[in-house]
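Written below as structure tokens is the structure these notes are about.
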Amino acid sequence: MVITNQIKNQHLLWRAGFGPSVHQLNTFTSFYPVKTYADLAASSERPPVYIDIANNFADGFTMGLGEVLRNRKKEGTDDKLQKRELAKKSRDQIKSLNLTWLDQMVNSPAQIREKVSLFWHGHFACRNINIYNQQLLLQQIRSNALGSFGELLTAVSKSPAMLAFLNNQQNKKSHPNENFAREVMELFTLGRGNYTETDVKEAARAFTGWGFNLQGGFVNRPFQHDTGTKTFLGKKGNFDGDDIIKILLEQKNCATFIARKMYRYFVNDQPNEVNVQWLADRFYQSNYNISSLLKDVFTSSWFYDEKNIGSKIKSPVDLLVGFRRMLPVEFDNKEVQLLFQRALGQVLFYPPNVAGWPGGKNWIDSSALMLRLRLPQLIAGNDLFGIAAKADDDQQMGMMEQLGKGLQAGRNEMNGLGKRFKVSAKIDWPVYQKQFINTPRPQLYHVIETALLQAKMPVALDAIVDKSIDQSTRENYIQSLSLLLMSTPEYQLC
Amino acid sequence: MLIRRRQFLQVGSLATASVMMPKFLKAFEQPNAVPAGNKVVVVLQLSGGNDGLNTVIPYRNDVYYRERPGLGIDKAKALRLTDEAGLHPALTGFKNLFDDGSLGILNSVGYPNPDRSHFRSMDIWQSGSKSNQYFDTGWVGRYLDAQCHCCDKPTQALELDDVLSLALKGNNNKGLAFKDPRRLFGTSNAQFYKDISKNYSDHHHDEQPADYLYKTMAETLSSADYIYKQSRLHPTNSAYPKSELGNSLQTIASLIFSEINTKVYYLSLGSFDTHVNQGNQQQRLFTEMNEAVSAFVNDLKKSNRFEDVLLFSFSEFGRRVAQNASGGTDHGTANNMFLVSGGLKQQGLLNAMPDLTTLTEGDLNYEVDFKQVYATILNKWLGVDDKAILGETYRHLSFI
Numbered sequence: 001m002v003i004t005n006q007i008k009n010q011h012l013l014w015r016a017g018f019g020p021s022v023h024q025l026n027t028f029t030s031f032y033p034v035k036t037y038a039d040l041a042a043s044s045e046r047p048p049v050y051i052d053i054a055n056n057f058a059d060g061f062t063m064g065l066g067e068v069l070r071n072r073k074k075e076g077t078d079d080k081l082q083k084r085e086l087a088k089k090s091r092d093q094i095k096s097l098n099l100t101w102l103d104q105m106v107n108s109p110a111q112i113r114e115k116v117s118l119f120w121h122g123h124f125a126c127r128n129i130n131i132y133n134q135q136l137l138l139q140q141i142r143s144n145a146l147g148s149f150g151e152l153l154t155a156v157s158k159s160p161a162m163l164a165f166l167n168n169q170q171n172k173k174s175h176p177n178e179n180f181a182r183e184v185m186e187l188f189t190l191g192r193g194n195y196t197e198t199d200v201k202e203a204a205r206a207f208t209g210w211g212f213n214l215q216g217g218f219v220n221r222p223f224q225h226d227t228g229t230k231t232f233l234g235k236k237g238n239f240d241g242d243d244i245i246k247i248l249l250e251q252k253n254c255a256t257f258i259a260r261k262m263y264r265y266f267v268n269d270q271p272n273e274v275n276v277q278w279l280a281d282r283f284y285q286s287n288y289n290i291s292s293l294l295k296d297v298f299t300s301s302w303f304y305d306e307k308n309i310g311s312k313i314k315s316p317v318d319l320l321v322g323f324r325r326m327l328p329v330e331f332d333n334k335e336v337q338l339l340f341q342r343a344l345g346q347v348l349f350y351p352p353n354v355a356g357w358p359g360g361k362n363w364i365d366s367s368a369l370m371l372r373l374r375l376p377q378l379i380a381g382n383d384l385f386g387i388a389a390k391a392d393d394d395q396q397m398g399m400m401e402q403l404g405k406g407l408q409a410g411r412n413e414m415n416g417l418g419k420r421f422k423v424s425a426k427i428d429w430p431v432y433q434k435q436f437i438n439t440p441r442p443q444l445y446h447v448i449e450t451a452l453l454q455a456k457m458p459v460a461l462d463a464i465v466d467k468s469i470d471q472s473t474r475e476n477y478i479q480s481l482s483l484l485l486m487s488t489p490e491y492q493l494c
Numbered sequence: 495m496l497i498r499r500r501q502f503l504q505v506g507s508l509a510t511a512s513v514m515m516p517k518f519l520k521a522f523e524q525p526n527a528v529p530a531g532n533k534v535v536v537v538l539q540l541s542g543g544n545d546g547l548n549t550v551i552p553y554r555n556d557v558y559y560r561e562r563p564g565l566g567i568d569k570a571k572a573l574r575l576t577d578e579a580g581l582h583p584a585l586t587g588f589k590n591l592f593d594d595g596s597l598g599i600l601n602s603v604g605y606p607n608p609d610r611s612h613f614r615s616m617d618i619w620q621s622g623s624k625s626n627q628y629f630d631t632g633w634v635g636r637y638l639d640a641q642c643h644c645c646d647k648p649t650q651a652l653e654l655d656d657v658l659s660l661a662l663k664g665n666n667n668k669g670l671a672f673k674d675p676r677r678l679f680g681t682s683n684a685q686f687y688k689d690i691s692k693n694y695s696d697h698h699h700d701e702q703p704a705d706y707l708y709k710t711m712a713e714t715l716s717s718a719d720y721i722y723k724q725s726r727l728h729p730t731n732s733a734y735p736k737s738e739l740g741n742s743l744q745t746i747a748s749l750i751f752s753e754i755n756t757k758v759y760y761l762s763l764g765s766f767d768t769h770v771n772q773g774n775q776q777q778r779l780f781t782e783m784n785e786a787v788s789a790f791v792n793d794l795k796k797s798n799r800f801e802d803v804l805l806f807s808f809s810e811f812g813r814r815v816a817q818n819a820s821g822g823t824d825h826g827t828a829n830n831m832f833l834v835s836g837g838l839k840q841q842g843l844l845n846a847m848p849d850l851t852t853l854t855e856g857d858l859n860y861e862v863d864f865k866q867v868y869a870t871i872l873n874k875w876l877g878v879d880d881k882a883i884l885g886e887t888y889r890h891l892s893f894i
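Quick note, the sequences are listed as chains A and B, same order.
The first sequence begins at 1 in the working numbering and counts up by one.
The second sequence begins at 495 in the working numbering and counts up by one.
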């Protein structure tokens, strides 16, 4: 089978970004992917603009204070109520951070930067209810996403969000807390089996004293630090946290661990060990230059092999963002997107645990799949939404009560199905339809299918689609056909 | 507007399309009816961290009243079970169950190195992991993996909810979540899905993501059909309270009477996260639980199925022994579990009440690992190899 440049370019845009945007539709056929990649990389060169939700220092300061009070477990009515209010405000602001970043993924030309940041957001999974800490960590990730892995690892390890989440504030000479040291090795750098329990204990000693202050800055508390000699991964010395990170990066296993994880994320859930090893060698030699690794991936001929195209299940964020890039949508209440994230199993800033989102087949169960298939019709207003996302007491997103504005109460259906709602949103159809203005009607089906689906439909859908499609006008044909194609299992793949 | 709804949601029978169906679908066409006497588990998750000490009340314990001057439940109001334990006043139905030998209470259930974060502790309970392990699968999901190797029983574990919990996710098999069989049927019954589903043929290896998606879709459509039909086979005519839990247990009862192949039902009630004004919130939730579970038990008794059904409750953690300053309690550790069945081998208080004098940082110490309860149920009730599912041998308990 011949794979056209268009399919290759779309493949690249889905993997290195969040899929083609509606404005790119007519630009693919002429370029080779190498050129597309060069353009993409150039668009991501500039440092990202800080997403500043808790935008004044006082806000951040009080949030920080709330955190410290909580850590001290101070009891007392006033403190408690104040903490509760701070926590609520912080959670509301994390929602804004979520939606603002989501908009960036949709609209930013720096597609590689945002996509790779989402990868690191899962790799360095962190829950922290402090908005100030969360936005700082996100900024560290987005700024270092394409730079040096060593610098990224150091920045994340010294961020208040991660230090708090992995309890390093409690890691003191007198009472070492191993949580941070263990996860740095198990999840961030080496993976299980490449270190011993002794290494964990010794690394924990080296990290003693790392903490943060009220202003959200990293502090090294010398009186909490264990200055004794440590033996770590075969080396001996009076190590501190920076030394541990340096020794971890010296391990070839670290380059392999990251290369394999990125291969699974960007190329195929089933890693090809030959390719992984090739990437790992070069990653290690480049002193962990992430951009070089990405270039190696996205300009390799194997990346464009048939078996790697349309072979990944989109994450819920990929799905939602990809949809919005192709069909620009304005939601009356943007928060409905939080409900989608929740019901589909991926809420930004709320990873399921420290290991991040497992991805792959794990995204799919009956209810998640059926909701995915219905999503386009829900957004287009042709179907009613009746899903109450599960409560999460750490999260208390309070989404249902806040959705009133955007969800017009649907009529209580006569057949006793209970209350369901219409998602109130407007799709910018004219801008989409304009892309097909020169396509003759008989070719529309093929042209739209090729633009929307990376996985080949096993059977021609013509006959099936014909039954469900609105043939009345050209516009209705384009719209109903596109929504139907986006309601297929194939659209879940990229 | 675009797609005529009636066309999109046309009713049709999946069975008529069976000739064209790929082989992995065929199996669903003859759902294995389960013989009466089939054991069923109903898991009731109390989300948010239920306060166990105000559930099973140590009404003779001075420490309890000293630590909870405003929140402790009055000795006179507690429903007395033994000369040291009483139930929350809203749990009258559970008191009746206790009296007729269908309630077991297991105290001090938890796990080593407890985590006080809701999401992490729930993760631990649902996955059946230790506190330093991270699993992508749940204990019921792994039961499915072990049970249905080449799964002809996609409805073996059902959750009465819109979103599937981690507990029901296995590596290769996942339970199915729905709130109402009719709505599940409605949303899965679109002609479009049926058409694309039946036209798919699995010429690829099953590992391909596309095959997995189609397999899940086919299972969903087929199961939706099956569940809906079963739910209408012997719909219960007993009265249930008009609460969400009442509706869910009514659905479960109808499915049990239909002899559907479901072995595990999963449902949750919440939120029990009572940092503030605990009294009212717990009262309201317990009233809902009490009415719904009582109706469910009476219904099962009427149909002689109570011996085959085991309902148990759990929460991700209990709460601090001492009340806080806002009329509530903060996150704690060990907690009690209710075991409800007509087939209990051991009833009443199954072990000692928690020791309120020996605390760790103000929290109760655990005596029973919750994975022992899972192991017992998997092995003795569901008749499977618990070690294969939990990854370790846990000492079995003797309540069943």
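Ideal Cβ placement from N, Cα and C applies to all residues, glycine included.
Test: residue i CB closer than 8 angstroms to a CB of chain B
i	result
A355 (chain A)	yes
P489 (chain A)	yes
S367 (chain A)	yes
R264 (chain A)	no
I7 (chain A)	no
V68 (chain A)	Confidence in V68 (chain A) is poor, its pLDDT being 49 and thus under 50, which makes the residue's placement too unreliable to answer from.
L484 (chain A)	yes
P358 (chain A)	yes
I464 (chain A)	yes
I387 (chain A)	yes
7 angstroms Cβ cut-off: residues of chain B touching residue i
i	result
I364 (chain A)	Y706, L707 and T710
Q492 (chain A)	L707
A455 (chain A)	A704
Residue i Cβ short of 7 angstroms to the ligand ATP heavy atom set
i	result
L485 (chain A)	This structure lacks the ligand ATP; in fact it carries no ligand of any kind.
Within-8 angstroms CB hit, residue i to chain A
i	result
R677 (chain B)	yes
F686 (chain B)	yes
I754 (chain B)	no
E523 (chain B)	Reliability fails at E523 (chain B), whose pLDDT of 41 lies under 50, so the model's placement of it is uncertain and the value that follows must be treated cautiously. No, E523 (chain B) lies away from the interface with chain A (no Cβ there is under 8 angstroms from its Cβ).
L670 (chain B)	yes
Beta-bridge pairing of residue i - partner residues as DSSP gives them
i	result
G842 (chain B)	B:G598
A651 (chain B)	B:V758
L484 (chain A)	Partner(s): none; L484 (chain A) has no beta bridge.
F212 (chain A)	A:F218
H825 (chain B)	B:R813
Chain A contact residues for residue i, given Cβ-Cβ distances below 9 angstroms
i	result
S682 (chain B)	S366 and M370
K663 (chain B)	N362 and D365
8 angstroms Cβ cut-off: residues of chain A touching residue i
i	result
R614 (chain B)	N353
P563 (chain B)	None at all; the shortest Cβ gap to chain A is about 15 angstroms.
T649 (chain B)	The premise fails here: T649 (chain B) is roughly 10 angstroms from chain A at the closest Cβ pair, so nothing lies under 8 angstroms.
Within chain B, partners of residue i - CB distance below 8 angstroms
i	result
R374 (chain A)	T681
P160 (chain A)	Here the premise fails: no neighbours, minimum Cβ distance about 17 angstroms.
K172 (chain A)	Ordered by position in chain B, no residue passes the 8 angstroms Cβ test against K172 (chain A), which lies about 17 angstroms from the chain.
Residues that residue i contacts on chain B, provided the C-beta gap is smaller than 9 angstroms
i	result
A343 (chain A)	D656 and V657
Nearest residue (CA-CA) to residue i, options the options
i	options	result
K692 (chain B)	B:T714, B:T851, B:G669 and B:L600	B:T714
L727 (chain B)	B:A846, B:T745 and B:S752	B:S752
message = Closer than 8 angstroms is the cut-off here; do at least three beta carbon pairs connect the region 618-634 of chain B with the region 330-347 of chain A?
response = no
key: contact_flag[the region 778-797 of chain B, the region 579-594 of chain B] where n(CB pairs < 8 angstroms) is 3 or more   = yes
message = Taking 8 angstroms as the cut-off, does the region 320-330 of chain A touch the region 270-283 of chain A (at least 3 CB pairs, one atom from each stretch)?
response = no
message = Quick test of the definition: if touching needs 3 or more C-beta pairs under 8 angstroms, does the region 860-870 of chain B touch the region 566-583 of chain B?
response = no
request  = Report yes or no: do the region 759-773 of chain B and the region 832-839 of chain B share at least 3 C-beta pairs separated by less than 8 angstroms?
outcome  = Contact check between the region 759-773 of chain B and the region 832-839 of chain B: fewer than three CB pairs, one atom from each, fall below 8 angstroms, which does not count as touching.
request  = Indicate whether the contact test is met: 3 or more Cβ pairs, each with one atom in the region 32-46 of chain A and one in the region 118-134 of chain A, closer than 8 angstroms.
outcome  = no
query = Counting pairs of beta carbons, one from the region 338-358 of chain A and one from the region 292-304 of chain A, are three or more of them closer than 8 angstroms?
reply = no
ask   = Below 8 angstroms, can you find three or more Cβ-Cβ pairs linking the region 239-256 of chain A to the region 148-164 of chain A?
value = yes
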